[in-house]
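Asks: Below is the structure I would like to discuss, written out as C-alpha cells.
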C-alpha cells in the first residue's frame with residue numbers, strides 16, 4: 002500500500018516539472034517509509050483556502066514550491082467536499098524553484114535536514130507515530146487508544162466503522178445520524194459539509210462552526226431547526242469527504258452543539274465546536 006500511495010502522490014504533480022523535481026528530491030532524500038507524504042493538499046488558513054504542494058501530516062509541515070508565478074485563486078465552493086486540513090498552527094516552508102538548480106538543491110537539502118531533525122525529536126520524546134497505511138484508518142488503532150482526538154488524523158472509510166468503533170455492531174448503515182452508546186444526549190452525525198441536494202452545509206475555515214441550511218423551503222428549514230432546538234443534542238461529527246486519492250472518508254471534526262444565539266429560521270442552523278476529543282464508553 003505504501004508503494005501505491007507514494008507513486009500516486011508523485012503522479013499528481015507530474016504536470017509541473019519543477020514541483021515534481023523538488024518534491025521527488027525531498028521524498029527520496031528523507032528516505033524514510035515511516036513518514037507519510039501527501040501532494041496537492043488543500044488547507045484552510047485564516048486568510049482563505051490554499052493548495053500546498055507537499056504535506057507531512059506527522060510533522061504538521063507544509064512545503065510550497067514557488068515557481069515564480071501567481072497561483073490561481075481557489076474557488077472555495079468547488080473544494081468543500083475534499084478533505085481539507087486546517088493549518089492555522091502548521092509550519093509552512095517554501096522552495097524557490099525559479100532559482101538555479103544548485104540553489105534548488107541547497108534549499109531542498111536544508112529542508113530535508115530540518116525534516117529529519119523533527120522526526121528524531123519526536124522519536125526522542127516518544128511521540129513519533131510511524132506511518133502504517135494498514136492501520137492508520139482502522140478502528141482497532143483507536144479502540145486501543147480509547148478515544149478519538151482531532152489532532153490524531155481520525156478518518157474512516159465507512160460510517161459503519163465509525164458506529165462500530167463507538168460500540169454498535171452494525172453490518173450496514175445508511176442514515177445520517179446514530180446513537181452514541183454511553184452518551185444518551187449525544188449523536189453520531191455524518192454530514193456532507195458542502196452543497197448537496199436541498200441542503201447547503203458548510204464548515205467554517207477554522208473548523209469551529211457548521212452552518213446547516215435547507216434551501217428547498219422555509220417550512221423544511223423551520224421543521225429541522227425546531228427539532229434540533231428541542232432535542233438539545235451534542236453532535237459527534239464525522240464529515241463525509243474525499244481524500245487525496247478520491248476515496249470517500251468520514252473525517253472526525255469534533256463535538257458540536259447548537260448555537261442558539263445564531264440559529265434562526267431565516268439564517269439556518271449554526272453549530273459550534275465545544276470539544277476536540279471523546280472517549281468511548283463501551284462495556
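Numbering (my numbering), first residue to last: 2 to 284.
C-beta atoms are modelled at their ideal positions from N, C-alpha and C, and glycine is treated no differently.
1) Which partner residues does residue 202 have in the DSSP bridge list?
2) In whole angstroms, what separates the C-alpha of residue 166 from that of residue 223?
3) Mapping the DSSP letters down to three states, classify residue 263 as helix, strand or coil.
4) Which of helix, strand or coil does DSSP assign to residue 250?
5) Any idea if residue 45 is buried or exposed, counting beta-carbon neighbours within 10 angstroms, 16 or more meaning buried?
6) Scan the segment 86 to 149 and note each continuous alpha helix (DSSP H) run of 4 residues or more that stays entirely inside, going in chain order.
7) Count the other CB atoms, across all protein chains shown, that sit within 10 Å of the CB of residue 261; report buried if there are 16 or more and exposed otherwise.
8) So what does DSSP say about residue 42, is it helix, strand or coil?
9) Which residue wins for smallest C-alpha separation from residue 189, given the options 25, 268, 238, 108?
10) In the DSSP output, what is residue 68 paired with across the bridge?
11) Going by CA-CA distance only, name the one from 143, 160, 161 that's closest to residue 154.
12) Less than 8 Å between C-beta atoms, sequence neighbours within five positions excluded: which residues of the same chain meet that for residue 186?
13) Give the range of the beta strand (DSSP E) segment to which residue 176 is assigned.
14) Considering only DSSP beta bridges, list what residue 197 is partnered with.
Replies: By the coordinates alone:
1) 213
2) 33 Å
3) If DSSP states are grouped into helix, strand and coil, residue 263 belongs with coil.
4) Three-state result, residue 250: strand.
5) buried
6) 102 to 126, 140 to 146
7) exposed
8) strand
9) 238
10) Answer by DSSP bridge pairing: none, since residue 68 is not bridged.
11) 143
12) Within the same chain, 233, 234, 235 come within 8 Å of residue 186 by CB-CB distance, once the 5 residues on both sides are set aside.
13) First-last for residue 176: undefined, no H or E at that position.
14) Partner(s): 200.
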